[in-house]
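Chains as they are written, first to last, in the working numbering: chain A, 12 to 312; chain B, 12 to 312.
Report on the following structure.
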């Protein structure tokens with residue numbers, strides 16, 4: 012599996028340097044992204060690429076920048092999600108949230124800057140690809156544009172942000188969501204970026220439609236399992252274990268998989284989803300051990 | 012000059028339909044973008060394209076989506092700028108600001124969705140260009156990627172958002188900015204999107220470096236003149252004329268070109284900038300009458 016250290020180096024290098032730019036913005040961008048995290052999305056994107064290609068140069072020109080862009084998108088969503096008008100969280104990964112550390116206005120602007128930066132990374136990478144790989148430029152550029160389009164669709168109003176809206180506004184005419192609504196919200200809020208990781212990696216490597224569609228399914232299931240895991244941890248784990256305010260779902264009177272099903276059924280649901288993911292994974296080509304390790308580690312709850 | 016009505020139609024068509032998507036997000040996105048405005052950036056982008064190309068098909072595949080994306084970027088920046096933690100404005104273009112109308116959390120998410128949507132528009136357009144113009148695909152794709160890269164650089168941490176940060180945080184060790192600092196902030200906050208309009212339009216049409224560089228200069232000067240004009244209107248115009256809270260710079264004790272120079276010198280400065288813009292404009296090829304009309308209308312203050 013790709014080294015976590017390698018991902019951190021990529022992010023370190025791709026973000027603006029601490030002393031570059033204006034005011035404390037670069038500092039706040041780095042603080043928001045480099046403050047730890049499992050880098051699941053970046054790892055999955057690169058591992059998905061490697062299922063279909065061993066072209067290290069193409070990986071560097073396409074999968075690496077996409078992995079960094081996806082982490083920036085994930086990071087900005089957390090920064091905005093923590094804002095006072097949203098979840099109003101004070102801690103994340105054991106440290107102050109960005110707006111608590113840099114101020115409210117800077118929280119908004121840092122999130123904006125990170126989302127925008129993802130597009131800067133992608134479009135610069137597109138320019139580089141064009142300059143440096145003219146030999147097999149056409150096919151790769153086609154894959155590149157398609158992956159970029161999927162990345163932003165999954166992150167946008169009909170993807171992740173749509174899920175945030177459901178979380179904030181609730182479903183029309185429904186005070187508390189039932190299981191199906193909760194699943195929809197979770198697929199939008201959580202699954203979509205996992206789907207981007209898996210699909211973009213594969214598309215950039217030239218995977219065929221059948222494989223991309225399988226990966227899209229796996230990402231969807233994984234997001235559900237991941238959210239249920241998060242809901243369980245919110246109830247059972249301490250601040251020291253999660254690095255963020257726990258019990259906040261209960262505090263905010265939120266419907267979660269745990270509040271609807273109870274702990275045992277939630278754990279059972281994760282197991283079901285895990286089995287389904289593994290079954291689909293088996294149908295893919297290449298060495299899947301990285302994903303087997305990752306899913307095993309995440310979902311042996 | 013391209014019809015304002017045509018631009019409105021393009022935006023109408025490109026935004027999510029009112030009843031699509033989740034909660035009130037599509038409604039809030041449309042409210043934020045379709046609530047009027049001069050569409051200067053979209054008009055300038057398309058007119059800049061037309062200085063260098065009369066290929067209507069290429070215009071449709073490239074300049075139109077870029078114009079819509081740029082309006083989404085401009086629109087999101089206004090929505091976030093109006094938020095309570097930022098300028099805390101209640102009215103814009105004679106109507107409630109997005110967060111006043113849809114709530115604080117929705118103000119944040121609508122801005123995010125619009126910035127993300129700009130990238131959805133650009134990447135879909137890139138896919139379309141690839142599918143529909145295979146005959147002269149390579150050159151146009153190169154121009155397309157370059158224009159997209161400039162669009163997001165100008166909008167980002169080292170462009171517009173950087174300017175917002177200076178506006179919010181102030182300059183290090185300086186309570187009130189002097190003329191030079193104010194000019195830097197204004198070039199970032201205001202000029203950069205005009206520069207994107209002029210440069211992206213020209214690049215998409217295949218303009219040469221000399222022309223792009225001239226247009227970049229014109230966009231920079233125009234942003235300065237535009238901001239000074241705005242500062243003057245903030246002091247001299249009424250709500251009925253501007254559709255937004257006036258006198259807000261004074262209320263917020265902001266340094267502006269007017270507070271530093273006084274009204275007469277500010278008006279004189281606009282005239283100087285106008286003359287410089289017109290001089291540079293003359294060096295460009297093609298029919299420049301659209302820009303002459305536009306600049307004349309804007310800066311005859």
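For each residue, glycine too, the CB sits at the ideal point set by N, CA and C.
Asked                                                                                                                                 : Found
Proximal residues of chain A, C-beta to C-beta of residue 37 of chain B below 8 Å                                                     : 168
Test: residue 180 of chain A CB closer than 8 Å to a CB of chain B                                                                    : yes
C-alpha gap between residue 120 of chain B and residue 220 of chain B, whole angstroms                                                : 38 Å
Same chain only: Cβ atoms within 8 Å of residue 125 of chain A, ignoring 5 sequence neighbours per side                               : 40, 43, 44, 83, 84, 86, 87, 90
Nearest-angstrom beta carbon gap, residue 281 of chain B and residue 310 of chain B [assumed within contact, 8 Å]                     : 5 Å
Under 8 Å between C-beta atoms of residue 77 of chain A and residue 210 of chain A                                                    : no
Identity of the residue in A/188, A/30, A/113, A/118 nearest residue 97 of chain A by Cα                                              : A/118
Classification of residue 242 of chain A by the beta-carbon crowding that lies within 10 angstroms, buried from 16 upward             : buried
Residues that DSSP places opposite residue 103 of chain A in a beta bridge                                                            : A/106
C-alpha distance - residue 164 of chain A paired with residue 247 of chain B, whole-angstrom precision                                : 44 Å
Continuous alpha helix (DSSP H) stretch holding residue 285 of chain A: start and end                                                 : 274 to 293
7 Å Cβ shell around residue 304 of chain A - same chain, five flanking residues per side excluded                                     : 12
Chain B contact residues for residue 128 of chain A, given Cβ-Cβ distances below 7 Å                                                  : 167, 168
Contact with chain B by residue 160 of chain A, beta-carbon distance below 8 Å                                                        : yes
Nearest-angstrom beta carbon gap, residue 287 of chain B and residue 232 of chain B [assumed within contact, 8 Å]                     : 6 Å
Nearest-angstrom beta carbon gap, residue 295 of chain B and residue 222 of chain B [assumed within contact, 8 Å]                     : 6 Å
Within-8 Å CB hit, residue 123 of chain B to chain A                                                                                  : yes
Residue closest to residue 196 of chain A, alpha-carbon to alpha-carbon, out of A/31, A/73, A/265, A/28                               : A/265
Cutoff 8 Å: residue 238 of chain A Cβ touching any chain B Cβ                                                                         : no
Residue 172 of chain B at chain A interface by Cβ criterion, 8 Å                                                                      : yes
C-beta atoms of residue 175 of chain A and residue 92 of chain A nearer than 8 Å                                                      : yes
Whole-number beta carbon distance between residue 80 of chain A and residue 314 of chain A, since they are thought to touch under 8 Å : Not covered by the structure: residue 314 of chain A. The range shown for chain A is 12 to 312.
Buried versus exposed call for residue 49 of chain B [16 or more other C-beta atoms within 10 Å across all chains shown]              : exposed
Member of A/19, A/200, A/218, A/203 whose CA lies at the smallest distance from the CA of residue 62 of chain A                       : A/218
Member of A/14, A/291, A/236, A/290 whose CA lies at the smallest distance from the CA of residue 276 of chain A                      : A/236
Listed by chain order, chain A residues near residue 27 of chain B by CB distance under 8 Å                                           : 168, 169
Straight-line gap, residue 199 of chain B to residue 205 of chain B (C-alpha atoms, nearest Å)                                        : 10 Å
Where residue 200 of chain B sits in the DSSP three-state scheme                                                                      : helix
Any C-beta of chain A under 8 Å from that of residue 164 of chain B                                                                   : yes
8 Å Cβ shell around residue 227 of chain B - same chain, five flanking residues per side excluded                                     : 206, 209, 210
Check whether residue 57 of chain A and residue 154 of chain A have beta carbons under 8 Å apart                                      : no
Beta-carbon neighbours of residue 44 of chain A, restricted to chain B and to distances below 8 Å                                     : The contacting residues do not exist; residue 44 of chain A stays about 12 Å from chain B at best.
Residue 72 of chain B vs residue 140 of chain B beta-carbon contact at 8 Å                                                            : yes
Residue of A/170, A/136, A/55 minimising C-alpha distance to residue 203 of chain A                                                   : A/170
As assigned by DSSP and simplified to three states, the class of residue 170 of chain B                                               : coil
Distance CB(residue 234 of chain B)-CB(residue 201 of chain B) smaller than 8 Å                                                       : yes
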